[in-house]
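Right, one structure below, let's go through it.
There are 2 protein chains.
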Amino acid sequence: MKFGGTSMAGTERIRRVANIVRAQAAENSEGVSSEVAVVVSAMAGETDRLINFCREANAIYDPAEYDVVVASGEQVTSGLLSLTLQSLGCKARSWLGWQMPMKTIGAHSKARIETIDAPEMVASIEAGEVAVVPGFQGLSLEGRIATLGRGGSDTSAVAVAAAVGADRCDIYTDVDGVYTTDPRIVAKARKLKAVTYEEMLELASVGAKVLQTRSVGLAMKEGVRLQVLSSFVGDDAVSADELPGTMIVSDEEMDELVEKGLMERQLVTGIAHDKNEAKIILTRVPDKPGAVAHIFEPLADASINVDMIIQNVGRDKGETDVTFTVPQADLARAQAMLEDKADLIGFNRIITDSHIAKISVVGVGMKSHAGVASTMFRALSDRGINIQAISTSEIKVSVLIDEDETELAVRVLHTAYGLDAVD
Amino acid sequence: MKFGGTSMAGTERIRRVANIVRAQAAENSEGVSSEVAVVVSAMAGETDRLINFCREANAIYDPAEYDVVVASGEQVTSGLLSLTLQSLGCKARSWLGWQMPMKTIGAHSKARIETIDAPEMVASIEAGEVAVVPGFQGLSLEGRIATLGRGGSDTSAVAVAAAVGADRCDIYTDVDGVYTTDPRIVAKARKLKAVTYEEMLELASVGAKVLQTRSVGLAMKEGVRLQVLSSFVGDDAVSADELPGTMIVSDEEMDELVEKGLMERQLVTGIAHDKNEAKIILTRVPDKPGAVAHIFEPLADASINVDMIIQNVGRDKGETDVTFTVPQADLARAQAMLEDKADLIGFNRIITDSHIAKISVVGVGMKSHAGVASTMFRALSDRGINIQAISTSEIKVSVLIDEDETELAVRVLHTAYGLDAVD
Numbered sequence: 142m143k144f145g146g147t148s149m150a151g152t153e154r155i156r157r158v159a160n161i162v163r164a165q166a167a168e169n170s171e172g173v174s175s176e177v178a179v180v181v182s183a184m185a186g187e188t189d190r191l192i193n194f195c196r197e198a199n200a201i202y203d204p205a206e207y208d209v210v211v212a213s214g215e216q217v218t219s220g221l222l223s224l225t226l227q228s229l230g231c232k233a234r235s236w237l238g239w240q241m242p243m244k245t246i247g248a249h250s251k252a253r254i255e256t257i258d259a260p261e262m263v264a265s266i267e268a269g270e271v272a273v274v275p276g277f278q279g280l281s282l283e284g285r286i287a288t289l290g291r292g293g294s295d296t297s298a299v300a301v302a303a304a305v306g307a308d309r310c311d312i313y314t315d316v317d318g319v320y321t322t323d324p325r326i327v328a329k330a331r332k333l334k335a336v337t338y339e340e341m342l343e344l345a346s347v348g349a350k351v352l353q354t355r356s357v358g359l360a361m362k363e364g365v366r367l368q369v370l371s372s373f374v375g376d377d378a379v380s381a382d383e384l385p386g387t388m389i390v391s392d393e394e395m396d397e398l399v400e401k402g403l404m405e406r407q408l409v410t411g412i413a414h415d416k417n418e419a420k421i422i423l424t425r426v427p428d429k430p431g432a433v434a435h436i437f438e439p440l441a442d443a444s445i446n447v448d449m450i451i452q453n454v455g456r457d458k459g460e461t462d463v464t465f466t467v468p469q470a471d472l473a474r475a476q477a478m479l480e481d482k483a484d485l486i487g488f489n490r491i492i493t494d495s496h497i498a499k500i501s502v503v504g505v506g507m508k509s510h511a512g513v514a515s516t517m518f519r520a521l522s523d524r525g526i527n528i529q530a531i532s533t534s535e536i537k538v539s540v541l542i543d544e545d546e547t548e549l550a551v552r553v554l555h556t557a558y559g560l561d562a563v564d
Numbered sequence: 142m143k144f145g146g147t148s149m150a151g152t153e154r155i156r157r158v159a160n161i162v163r164a165q166a167a168e169n170s171e172g173v174s175s176e177v178a179v180v181v182s183a184m185a186g187e188t189d190r191l192i193n194f195c196r197e198a199n200a201i202y203d204p205a206e207y208d209v210v211v212a213s214g215e216q217v218t219s220g221l222l223s224l225t226l227q228s229l230g231c232k233a234r235s236w237l238g239w240q241m242p243m244k245t246i247g248a249h250s251k252a253r254i255e256t257i258d259a260p261e262m263v264a265s266i267e268a269g270e271v272a273v274v275p276g277f278q279g280l281s282l283e284g285r286i287a288t289l290g291r292g293g294s295d296t297s298a299v300a301v302a303a304a305v306g307a308d309r310c311d312i313y314t315d316v317d318g319v320y321t322t323d324p325r326i327v328a329k330a331r332k333l334k335a336v337t338y339e340e341m342l343e344l345a346s347v348g349a350k351v352l353q354t355r356s357v358g359l360a361m362k363e364g365v366r367l368q369v370l371s372s373f374v375g376d377d378a379v380s381a382d383e384l385p386g387t388m389i390v391s392d393e394e395m396d397e398l399v400e401k402g403l404m405e406r407q408l409v410t411g412i413a414h415d416k417n418e419a420k421i422i423l424t425r426v427p428d429k430p431g432a433v434a435h436i437f438e439p440l441a442d443a444s445i446n447v448d449m450i451i452q453n454v455g456r457d458k459g460e461t462d463v464t465f466t467v468p469q470a471d472l473a474r475a476q477a478m479l480e481d482k483a484d485l486i487g488f489n490r491i492i493t494d495s496h497i498a499k500i501s502v503v504g505v506g507m508k509s510h511a512g513v514a515s516t517m518f519r520a521l522s523d524r525g526i527n528i529q530a531i532s533t534s535e536i537k538v539s540v541l542i543d544e545d546e547t548e549l550a551v552r553v554l555h556t557a558y559g560l561d562a563v564d
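Residue numbers (the working numbering), protein chains in the order written: chain R, 142 to 564; chain L, 142 to 564.
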């Protein structure tokens, strides 16, 4: 079970979480009790407070000491949840990253989990004690605290689930599952009983911020059955068995669910939108071998993630316009870098636009069906929405449109693919 | 070097501390640079905030999880001081209790330091890196975080100083040294250049809250030269060599200082007061063997510290009044416990009084001189101050008086022993 910062914000909310954990650990109606490990985030706002301290202390901070400071937030909530569980008569103890130990590799503040070999913790869980694990933190090769980067607690949870051979990894969030699209935009959005890892990866990477992308990838690799569900479900804490959210499963398990009639096979599973990209157009780039490499190599070296790329052959022979998108946060840096290389690349003008949105339709069903993309283009064009760029993967079609048309496009597509809930 | 919570309260104050540390680590006027380890407390108020969380989580908290929560305060400041030192161009890194490791024994939340075997930390210090150590925390035998109890950071500092074989352990506080008495009461109080461990122990135990008693005891045992000095010394950070506070030294070193004319040998070194005691009188206790044991055994079992004890043979034969003092915080508990045992002890009435103060004169000089006590009694009686009880040790005479007369008594005695500063 994993609980995020909003669920852990203050001792009252922690008591709520403790009730949910106790309900899960207790015997269910069939007389089966669960062995439980819980991964917790810091109290909402605490990590930002600690990061601010670090910035005030040293603008160019040493990530190893930054890790010492920020990892304390999860240490506090893991102790407090253990204490609260004990007050409810539920045996519990905390296992800090260095105690377990959760061994990590890679740079401080963006470490990656390498191995969890925690026989003591497993024995404690088997003896009926709830293991409470601070998310986001592990132990470096040098024996120091290493954090996994923002949102790393989801990944901690999946890694712990894999290490203890858990039946399921339940991620409790402030939404109660994965929806066909953002319910704030489309009132008729439906909660999905299940999505596949690949679908969730595509949805996570295009702005459906339910799970951290890395955690989904790890779950897929390790075969951990993930479930997304809400920790805000009224006053009576119930176990996940009684109030399920959305399961994230393998293709095979999805096939079984469809065969059993528990899921309907859809062409499109969900529709995501992302307003955090920015578009860059370089005009009149020489259309010769190597020109494009001059553009994208320096961006890659600077770890700027380029997403959609389109090359339009220009009106003038031997020249072309190159359009691509980067995260809005990196736009200024990318632009400066490109202007720096203007002579090498040989473009005429650089045009940028942050006022764009990426709309994506995602579904494993489209692997075996043509026509998904053309339905999208037709539906958008029928409502006069102009498509600025297109990119596709095996289970996703994305288009770039004017940001003002985001909500309209999402609603139009939700209806076009037959996703609207029936009253 | 050890800095308390007031000195560490916020990133601005931590920058001040970092400047003091850097000045100490840098070359002095003789071209000698110091190898430095720094022990830090949590930001003022932070430990109380964390303790409150624990109480809210579980009124009868598990001290092992309590330790996980409260130790985070020092973890944060050790990381922040390291970052700040680095920003000033001073190499530094944090060494958490479990990393060093500082091995402890005894119960969680009041553990005692057993050994510090930290070759890596020593190597790092010798390589010119400032070691920043969170106070108050160590590692238990079971490999968990163990805290030393409130004020434990002073003890951490002395233990680290002993472990690394430091020339000196400088305790930076919000006062600039040890005074002949509380300067808020006596304007003519003088800062002492040096006191002996024994004197400091007596002064610490009777209310001069400059150093934690346990840390002085450990320093005496390990032969660590302690210095008390202020971290608030104007804007220019200077090293302790340039602005000394009060040294706490052995009897032998004190003799040397006197021989060299650096210190004057005084009969009385300082005068302390303590308003945190309460008096209990049990009237008409049977004057027979074992009666007193019935009173004090249960108090000792409950860890209630009984200080002064007087037995007055009563007016009636075979009966006696027993007077003693306990910490005010334990008064209610002690009273309830005694009333519970009323039949066994066989007293007539229980009379309590919190409105008392203990005044102590302390000095190694009195070992070899009679008349110190009589000077005290004479001086107090000349001003009409009634003495309710007396207790003595080899280097201390304490009396119990009415709390309202505290300041008067301290001033009278400060003058009587010739301690007033000469303008």
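The beta-carbon is built from N, C-alpha and C at its ideal position, and this holds for glycine as well. Here the structure is a predicted model, which is why all the values come from computation and not from measurement.
CB contact flag (residue i, residue j, <8 Å)
i, j, result
"residue 300 of chain L", "residue 254 of chain L", "yes"
"residue 213 of chain L", "residue 191 of chain L", "yes"
"residue 311 of chain R", "residue 368 of chain R", "yes"
"residue 539 of chain R", "residue 515 of chain R", "no"
"residue 359 of chain L", "residue 503 of chain L", "no"
"residue 157 of chain R", "residue 372 of chain R", "yes"
"residue 421 of chain L", "residue 493 of chain L", "yes"
Nearest-angstrom Cβ-Cβ length linking residue i and residue j, presumed shorter than 8 Å
i, j, result
"residue 199 of chain L", "residue 227 of chain R", "6 Å"
"residue 412 of chain R", "residue 555 of chain R", "6 Å"
"residue 152 of chain R", "residue 221 of chain R", "7 Å"
"residue 274 of chain L", "residue 250 of chain L", "The Cβ separation is near 19 Å, so there is no contact."
"residue 414 of chain L", "residue 499 of chain L", "7 Å"
"residue 418 of chain L", "residue 442 of chain L", "Not quite, the Cβ-Cβ distance comes to about 20 Å (not below 8 Å), so this is no contact."
Distance, residue j Cα to residue i Cα
i, j, result
"residue 336 of chain L", "residue 506 of chain L", "11 Å"
"residue 280 of chain L", "residue 533 of chain L", "39 Å"
"residue 263 of chain L", "residue 282 of chain R", "20 Å"
"residue 270 of chain L", "residue 243 of chain L", "19 Å"
"residue 94 of chain R", "residue 397 of chain R", "No answer is possible for residue 94 of chain R: it lies beyond the span of chain R, which begins at 142 and ends at 564."
"residue 389 of chain R", "residue 246 of chain L", "47 Å"
"residue 370 of chain R", "residue 252 of chain R", "27 Å"
"residue 150 of chain L", "residue 172 of chain L", "33 Å"
"residue 178 of chain L", "residue 318 of chain L", "21 Å"
"residue 145 of chain R", "residue 186 of chain R", "11 Å"
"residue 325 of chain L", "residue 541 of chain L", "21 Å"
"residue 303 of chain L", "residue 363 of chain L", "6 Å"
"residue 524 of chain R", "residue 557 of chain R", "12 Å"
"residue 559 of chain R", "residue 408 of chain R", "9 Å"
"residue 267 of chain R", "residue 475 of chain L", "44 Å"
"residue 323 of chain R", "residue 240 of chain L", "46 Å"
"residue 431 of chain R", "residue 537 of chain R", "29 Å"
Residue i, buried or exposed, once every other Cβ within 10 Å from all chains shown has been counted against 16
i, result
"residue 256 of chain R", "exposed"
"residue 148 of chain L", "buried"
"residue 522 of chain L", "exposed"
"residue 333 of chain R", "buried"
"residue 444 of chain L", "exposed"
"residue 286 of chain R", "buried"
"residue 143 of chain L", "buried"
"residue 512 of chain L", "exposed"
"residue 328 of chain L", "exposed"
"residue 423 of chain R", "buried"
"residue 376 of chain L", "Confidence at residue 376 of chain L is low in this model, with a pLDDT of 49, below 50, so the placement of that residue is unreliable and no value is reported for it."
"residue 562 of chain L", "exposed"
What alpha helix (DSSP H) runs, 4 residues minimum, are completely inside the region 283-319 of chain L?
Listed in chain order, they are 293-305.
Which residue spans inside the region 532-562 of chain R form an unbroken beta strand (DSSP E) run of at least 3?
Scanning the region 532-562 of chain R from its first residue to its last, the whole beta strand (DSSP E) runs of 3-plus residues come out as 537-543.
Pick out the complete beta strand (DSSP E) segments inside the region 144-231 of chain R, 3 residues or longer, and give them in chain order.
As far as the region 144-231 of chain R is concerned, its whole beta strand (DSSP E) runs of at least 3 residues are 178-181.
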